[in-house]
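**Q** I'd like to ask you about the structure that follows.
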Amino acid sequence: MTEHPEEADAVIVNTCTVIGATERKMLRRLALFADRDLYVTGCMPVVQLDKIRSVCTPHVIRPDEIHERAGSVGTRGPGATGVVQVASGCVGRCSYCITRLARGRLISAPREAIADAVRALVTSGACEIQLTGQDVAAWGLDRGESLPDLLQEIAEIPGRFAVRPGMMHPATVLGILEPLVDAYESKKIFRFLHLPVQSGSDTVLERMQRGYTAADVLRIVDAFRERYPDMMISSDFITGFPGETDEEFSQTLELLRRAAFVKVNITRYSRRPGTPAAALKDLPERIRKDRSRTLLAEANRVYDSYNERWIGRETSIVATEKNAPGSTVCRNPCYLNVVVKEDLPFGFAGKAAITGNRRHYVTAGLITSGDEGI
Ligand code: SF4
Numbered sequence: 329m330t331e332h333p334e335e336a337d338a339v340i341v342n343t344c345t346v347i348g349a350t351e352r353k354m355l356r357r358l359a360l361f362a363d364r365d366l367y368v369t370g371c372m373p374v375v376q377l378d379k380i381r382s383v384c385t386p387h388v389i390r391p392d393e394i395h396e397r398a399g400s401v402g403t404r405g406p407g408a409t410g411v412v413q414v415a416s417g418c419v420g421r422c423s424y425c426i427t428r429l430a431r432g433r434l435i436s437a438p439r440e441a442i443a444d445a446v447r448a449l450v451t452s453g454a455c456e457i458q459l460t461g462q463d464v465a466a467w468g469l470d471r472g473e474s475l476p477d478l479l480q481e482i483a484e485i486p487g488r489f490a491v492r493p494g495m496m497h498p499a500t501v502l503g504i505l506e507p508l509v510d511a512y513e514s515k516k517i518f519r520f521l522h523l524p525v526q527s528g529s530d531t532v533l534e535r536m537q538r539g540y541t542a543a544d545v546l547r548i549v550d551a552f553r554e555r556y557p558d559m560m561i562s563s564d565f566i567t568g569f570p571g572e573t574d575e576e577f578s579q580t581l582e583l584l585r586r587a588a589f590v591k592v593n594i595t596r597y598s599r600r601p602g603t604p605a606a607a608l609k610d611l612p613e614r615i616r617k618d619r620s621r622t623l624l625a626e627a628n629r630v631y632d633s634y635n636e637r638w639i640g641r642e643t644s645i646v647a648t649e650k651n652a653p654g655s656t657v658c659r660n661p662c663y664l665n666v667v668v669k670e671d672l673p674f675g676f677a678g679k680a681a682i683t684g685n686r687r688h689y690v691t692a693g694l695i696t697s698g699d700e701g702i
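Take 329 as the starting number for the sequence shown in the numbering used here and just add one per residue.
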């Protein structure tokens with residue numbers, strides 16, 4: 329492993345092609361290494377090998393080969409984080425999505441393989457375990473099992489750690505809503521839900537073939553917030569889906585406000601080759617851009633108001649990452665990004681008083697160290 333690509337004997341590029349801008353970035357990067365011993369993995373070689381071959385002739389590594397060879401579904405991430413890929417593929421049929429074409433049907437990792445990976449990561453010092461997959465809520469559907477049972481089993485693993493569940497498709501969440509809300513009772517699950525809703529308009533959602541309505545989304549949000557009022561629920565939106573009217577877009581704004589999503593990822597619609605939506609007429613780029621700006625401004629207001637309600641409160645924290653000398657990134661039980669102006673060791677647990685809102689994180693002063701934390 330080297331920090332400098334020019335010193336490497338071989339170069340491996342892990343590709344993504346979720347939107348057009350990413351695809352172009354990947355092709356530029358691949359062209360840069362065209363004369364090297366180049367290996368390409370990720371989604372792009374599965375669905376766009378011809379495009380890759382137009383800029384270089386690399387070796388291809390199928391994404392699933394990586395776990396097969398590594399012999400584990402777990403990987404250490406930065407700081408005190410660990411990543412466990414619980415599944416690949418999905419049960420969706422979203423009309424705009426190229427990932428579905430690249431990753432195919434749902435294949436869940438066996439429960440024991442996931443538990444082994446969590447144990448190994450915790451033993452190696454990870455205290456934030458991120459569960460990932462295209463749709464984490466779908467875990468187990470192909471095995472006659474379900475995510476809430478998996479979460480409960482992971483929560484019984486000894487050690488000081490908490491699980492950050494990854495992205496969950498609202499339609500799949502609806503099928504497991506009650507047991508899922510119950511599973512979050514455990515202190516070993518961060519009260520964090522990533523619920524990509526993409527639009528607040530039922531007619532757009534139908535054209536996207538998402539399989540739920542705005543009312544369904546609110547049912548999920550309300551079920552979690554009734555039980556856990558501080559729960560952090562983040563979301564993803566696509567602006568300017570083909571045919572999206574002003575009225576349909578205003579319903580998206582309305583859903584964002586009503587659901588009070590924090591940490592919102594906004595993507596301008598991007599036509600992806602081979603998808604059903606690619607046959608639809610694109611809206612002008614200006615409209616997609618304007619709507620994305622409007623939505624971002626609203627999302628920032630919601631983000632600020634969520635953070636501000638924490639100011640003046642005490643919270644448990646655990647140190648998970650470093651971003652600058654003299655300060656440490658910690659997480660509280662709702663996965664709030666809490667920055668403490670002290671050099672704390674990874675895994676440090678204590679209590680802090682939240683003092684300021686910096687939108688993407690809050691600042692805090694340390695009150696106690698010791699047996700607090702997640
Ligand atoms: S957006 Fe839809 S089709 Fe694409 S990976 Fe997610 S659930 Fe599957």
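C-beta: ideal position from N, C-alpha, C; glycine also.
Computed from a predicted structure; not experimentally measured.
1) Given that a residue counts as buried once 16 or more other Cβ atoms are within 10 Å of its Cβ, and exposed if not, what is Ser-416?
2) Output the residue ranges of the beta strand (DSSP E) runs that lie fully inside the region 570 to 641 and measure 3 residues or longer, sorted by chain position.
3) May I ask whether a heavy atom of the ligand SF4 can be found less than 7 angstroms away from the beta carbon of Gln-413?
4) Sort Asp-530, Gly-370, Glu-636 by Cα distance to Thr-691 and report the nearest one.
5) Threshold first: 3 residues or longer. Then list the beta strand (DSSP E) segments lying entirely within the region 411 to 473, N to C.
6) My output table needs one value for Asp-363: the three-state DSSP class, helix, strand or coil.
7) Going by alpha carbons, who is nearest to Arg-421 out of Ala-430, Asn-342, Thr-656?
8) Bridge partners of Pro-493, per DSSP?
9) Write down the C-beta distance between Asn-665 and Asp-632 rounded to the nearest angstrom, noting that I regard them as a contact closer than 8 angstroms.
10) With a 10 Å radius around its C-beta and 16 neighbouring C-beta atoms as the bar for buried, classify Val-401 as buried or exposed.
11) Tell me whether the region 332 to 346 and the region 369 to 377 touch, counting them as touching only if at least three CB pairs, one residue from each stretch, are closer than 8 angstroms.
12) Among Val-346, Gly-654, His-332, Gly-528, which one has its Cα closest to the Cα of Phe-589?
13) Consider the C-beta atom of Thr-403 and the heavy atoms of the ligand SF4; say whether any pair is separated by less than 7 angstroms.
14) With a threshold of 7 angstroms on Cβ separation, who are the neighbours of Lys-650 within its own chain once the five nearest residues in sequence on each side are excluded?
15) When every heavy atom of the ligand SF4 is checked, does at least one fall within less than 7 angstroms of the C-beta of Gly-420?
**A** If we stick to the structure as given:
1) buried
2) 592 to 596
3) In this structure, the C-beta of Gln-413 stays at least 7 angstroms away from each heavy atom of the ligand SF4.
4) Glu-636
5) The region 411 to 473 contains these whole beta strand (DSSP E) runs: 456 to 460.
6) coil
7) Ala-430
8) BP columns for Pro-493 point to Leu-459.
9) With a Cβ gap of about 14 angstroms, Asn-665 and Asp-632 do not count as contacting.
10) buried
11) yes
12) Gly-528
13) no
14) Gly-407, Thr-656, Val-657
15) yes
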